[in-house]
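Take any residue in the first sequence, note its place counting from 1, add 47, and you have its number in my numbering.
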Amino acid sequence: MRNRNKSKSQTQSSGTLARKSQEGVNKLLRRSSRLSSSGKKEQDGFSLENDLKTNGKEVVHTMDVCNASTVEGCHRDAIENSQAKEQEVLHSMDAHNASPGDDCHKDTLLDDSEEMNDSDWEDGPLLKLDPVNRSPNEQMKGITIEFDEPSGSTGGRKPVRRASAEDKELAELVHKVHLLCLLARGRLIDSACDDSLIQASLLSLLPTHLLKISEVSNITANALTPLVTWFHDNFHVRNLARVERSFRTALATALETHEGTPEEIAALSVALFRSLRFTARFVSILDVASLKPEADKYEPSNQAAERVSGGIFSTSTLMVDNLKRDSIAPFPVQTSPCNKKDDRGKSSRKSKGGCSMSNVAQSRDSTSVNESTDGKSTSQVQPDTSRQCVPKNSQGLKRKGDLEFEMQLAMAISATSVETHENIHDSSDGNNSLEASIPTKRWKRIERVESASCSQGFSTALGSRKVGSPLFWAEVYCDGENLTGKWVHVDAVNAIIDGEQKVEDAAAACKTSLRYVVAFAGHGAKDVTRRYCMKWYKIAPKRVNSTWWDSVLAPLRQLESGGTGGTIKVSEHPGENSSLNHVILPEKSGQEASKEYGSKIEVESSVKDSFVATRNSLEDMELETRALTEPLPTNQQAYKNHALYALERWLTKYQILHPKGPILGFCSGHPVYPRSCVQTLKTRERWLREGLQIKGTETPVKVLEQSTKLKKARVSEDVCDEIDSKETIELYGKWQLEPLLLPRAVNGIVPKNERGQVDVWSEKCLPPGTVHIRLPRVFVVAKRLEIDYAPAMVGFEFRNGRAVPIYDGIVVCTEFKDAIFEAYAEEEERRAAEEKKRTEAQAISRWYQLLSSVITRQKLNSYYRDSSSSQPSGNIQDKNIETKTPVQSSKDSKQPTAHRKANNQDTTHTTSLVALEVGHEHVFLTKNESFDAENSIRTKQCECGFSIQVEEL
DNA sequence: CTGCTTTATATGACTTTGTTCGAA
DNA sequence: CTTCGAACTTTGTCATATAAAGCA
């Protein structure tokens, strides 16, 4: 028996073991697949970013590159034991030696394996590929993984693996954390811009004639032009491999050398404006990790590399971080020679791209190190900047990504060249369409050249990189604009003033979306995305839940509005920043105040207060207006989830237009309604849950037909008419409702529903005059007292593919509440007493059983003297159990047995007492044990001869 | 030939009101 | 005899994402 037990438990445990290890391996596989792909990316100069999105733990690893390889190693070791999957894993790990085009193949492989784990695990190794005999050399040659498509790989290409809820949650968390980090970074930069030393140094550099600008009272955007031009001519974006201690020192260095990252240059411009007593903000696109899981999985997301090796903030400023990695990465990633070469070529190309926005200006002054690697492509656009730096690469092997990149670069350059020239001299907004058309044409031309020069075809649909995107700029408050004053976009890096409409296009050209544009000032921040984003419906789904974001920004907004008011303030009332938060009448006082302010700098502090508050609220209004006056999208799909507009055809089953109008416009013939007319409909029962009921006279506004389930019912029941009425779902809208009015409880009778119960979704669902008593077994009391009650259903449980109601307590009339509580207390007391009595009785009976068996045994022993007390039989030793059981010896049999019972697991009764001298402690060594398999009785023996028999269950 | 629209398909999310049998 | 509780079992529908086809 024991043997059987043992083997059984072994099989059981091995069963669970197998399951456990399978789970473990699956997990490892998943992780290693990520690691391997990231490992590959390291070598390609790409990134570990995907890990950020897939596994929380890996976030840690991705934070420093050096760990990654170690981790990979560990995984490898760990996986070594799992025979079946190992090969695949190793193989996929080796994939980083393969060419970059293998992404999808690899994914296919991993996905397949993941899916098969459930069913095929026990069937032995999956020899899809035969990697065992493959020599490392072969792998090093960059042989692509080939497999014979054993499963017929449905659909041919990459199997789409949908993100699970877990993935989404994780992605959202990463997104949020990233946002917070970027906000923090922005505040850091903002406060560095306030540094008086830096501001003073900037002022000292400024030519005298430009200093006068601070005396202009009603500053306009145009008035800023000479200042911005000067700044642009004197400060340049550059690749810099600096190991910066803090941003402030970085900024100081940038100031000293007149060059720095776009971030630094933009920050310097903000500092300059502030030093001239302008109200200026540092504005940044927060280029966060995607909210959707694996959204940029197939992008060659080089930006992610920056997140790892460089700062998180400078995600899209490739040049800086790539260079950094190449030159100063503390733990250079292992790269095979060929890869390395490639990598370098690529990164230099990237770095060139990073500066593209400012290339035009920089080419004037040849400090720019940004060499173009491919004369052909760029020369069309910017002949001056192209110099052959890495000619080999450009002639020889070109990969899809490179071509793509070069095209984008060219595009960006062309876009910049147009914008820059036109904007400096003329800040009107009329030439948008012209500008937009030019890059496209260029692209086409370039593409033609490229495809001609490179025999291999390529797809322009390939993932594109975020290169050279404008990410940082300044906003200066110009009182001279718009009567009331206005925040003016000033991109000193690219010498663009008042080009807020161009930001979106420029960013889009670089595949950066304006999900979050945040302005930093006064240690606070404000979301100004709406100023720059024209197509809100496109970015809205890419942003976090707005309540979360608003709550995060709320305190920062306060600071910001204080800061933007405070900067411009005259120093007479320095302590006023904190008291700026009361909003006074928005528009009128604002205009007055601005006029007053414009006339003279000495203004009364109260007026200033209102002015400041108004400035902030004016901006709010401006942004709000933009939000509400978004142009109608031209494609229908945009209306699907548009926040402002709706098309009837995109409504869901449970939606309706009420009232149906006004019609705001037409989109390919379909009338466009305001989204506010869209009402969500619910069934009577659904509304009940919210404590609402349908007004007596109302008829369902929409009736849906239910299908499959009731067709079956019809077949079985053959009662068509009745079911037909059942087959519809009657929906009602909000406007048809009134607060729930349940029949009042009268005469102690609880009004119940058709099931004889009360659905307690919330307090509102309780009929008036009743209470919900949530106590276990309380219904017994009510029944005993003959009080009318209804079981309270509180929800559903999904069991066996079926919904089962959950009951909790009862609903009774209020007047019985106290009586029930009283009776319940009594009842519980009684029950507890009974329970106690029962347990005691049970204990006594068990003692009785035990003792009588002991006595019986003893009688038998004394009767048949010859039978020995110890019965050695089988010799099975259980090494696992080594018991030292101290047994108080006593002639009274009760105590030791009790003791033994307590000390031995699974013991039901014991026998065989030998009187011993007092004080001896029995020691039961494992080697003295024996086990009778037939009766499953274990006999333990002390050195003194005392033995004890234990029946194992 | 590109880009938009439609359609098909797959998946995730959400839905949600029993029966039978055996032990106490 | 009644009562209680556990086991059984895998539901349908809608929204959404994606690919592919269709179309201008």
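In this text, a Cβ means the ideal position worked out from N, Cα and C, and glycines have one as well.
If distances are taken between C-alpha atoms only, which option among the options comes closest to residue i?
{"i": "residue 828", "options": "805, 315, 877, 804", "result": "877"}
{"i": "residue 794", "options": "250, 584, 863", "result": "863"}
{"i": "residue 742", "options": "882, 787, 700, 319", "result": "787"}
{"i": "residue 240", "options": "294, 230, 217", "result": "294"}
{"i": "residue 268", "options": "861, 584, 739, 546", "result": "546"}
{"i": "residue 215", "options": "894, 582, 839, 336", "result": "336"}
{"i": "residue 709", "options": "751, 296, 720", "result": "720"}
{"i": "residue 608", "options": "580, 893, 571, 221", "result": "571"}
{"i": "residue 679", "options": "221, 718, 978, 533", "result": "718"}
{"i": "residue 247", "options": "740, 233, 319", "result": "319"}
{"i": "residue 752", "options": "740, 776, 736, 882", "result": "776"}
{"i": "residue 802", "options": "837, 826, 894", "result": "837"}
{"i": "residue 563", "options": "730, 978, 338, 538", "result": "338"}
{"i": "residue 699", "options": "575, 749, 908, 669", "result": "749"}
{"i": "residue 578", "options": "522, 303, 670", "result": "670"}
Please list, in chain order, all residues of the same chain as residue i whose beta carbon is under 7 Å from its beta carbon, the five residues on each side excluded.
{"i": "residue 822", "result": "856, 871"}
{"i": "residue 722", "result": "689, 690, 691, 692, 693"}
{"i": "residue 843", "result": "850, 851, 852, 853"}
{"i": "residue 274", "result": "257, 260"}
{"i": "residue 237", "result": "329, 567, 568, 570"}
If you run the structure through DSSP and keep just helix, strand and coil, what is residue i?
{"i": "residue 721", "result": "strand"}
{"i": "residue 986", "result": "strand"}
{"i": "residue 834", "result": "coil"}
{"i": "residue 804", "result": "coil"}
{"i": "residue 662", "result": "helix"}
{"i": "residue 524", "result": "strand"}
{"i": "residue 234", "result": "helix"}
{"i": "residue 261", "result": "helix"}
{"i": "residue 317", "result": "helix"}
{"i": "residue 221", "result": "helix"}
{"i": "residue 777", "result": "strand"}
{"i": "residue 333", "result": "coil"}
{"i": "residue 686", "result": "helix"}
{"i": "residue 295", "result": "helix"}
{"i": "residue 325", "result": "coil"}
{"i": "residue 730", "result": "coil"}
{"i": "residue 911", "result": "coil"}
{"i": "residue 226", "result": "helix"}
{"i": "residue 991", "result": "coil"}
{"i": "residue 997", "result": "strand"}
If I measure Cβ to Cβ from residue i and keep anything under 8 Å in the same chain, skipping five residues before and after, which residues do I get?
{"i": "residue 813", "result": "789, 805, 807, 819, 858"}
{"i": "residue 611", "result": "326, 328, 524, 568, 569, 659, 662, 663"}
{"i": "residue 792", "result": "798, 814, 815, 816, 817, 860, 861"}
{"i": "residue 887", "result": "none"}
{"i": "residue 581", "result": "548, 551, 677, 678"}
CB-CB under 6 Å to residue i, same chain, minus the five flanking residues each way: which ones, in chain order?
{"i": "residue 309", "result": "284, 364, 519, 540"}
{"i": "residue 990", "result": "none"}
{"i": "residue 681", "result": "none"}
{"i": "residue 736", "result": "808"}
Is residue i a contact residue of the ligand SAH, with contact defined as CB to any heavy atom under 7 Å?
{"i": "residue 520", "result": "Questions concerning the ligand SAH fall outside what the structure shown contains, since it holds no ligand whatsoever."}
How about residue i and residue j: are their beta carbons less than 8 Å apart?
{"i": "residue 604", "j": "residue 573", "result": "yes"}
{"i": "residue 815", "j": "residue 779", "result": "no"}
{"i": "residue 867", "j": "residue 832", "result": "yes"}
{"i": "residue 315", "j": "residue 298", "result": "yes"}
{"i": "residue 584", "j": "residue 674", "result": "no"}
{"i": "residue 534", "j": "residue 666", "result": "yes"}
{"i": "residue 266", "j": "residue 597", "result": "no"}
Original post:
Is the region 553-569 close to the region 315-335, with three or more CB pairs under 8 Å?
Top reply: yes
Original post:
Quick one: any contact between the region 279-298 and the region 219-230, if contact means 3 or more CB pairs under 8 Å?
Top reply: no
**OP:** Pair every Cβ in the region 581-591 with every Cβ in the region 247-259, then say whether three or more of these pairs are closer than 8 Å.
**Re:** no
Original post:
Are the region 722-733 and the region 699-706 touching, with three or more C-beta to C-beta distances below 8 Å?
Top reply: The region 722-733 is in contact with the region 699-706.
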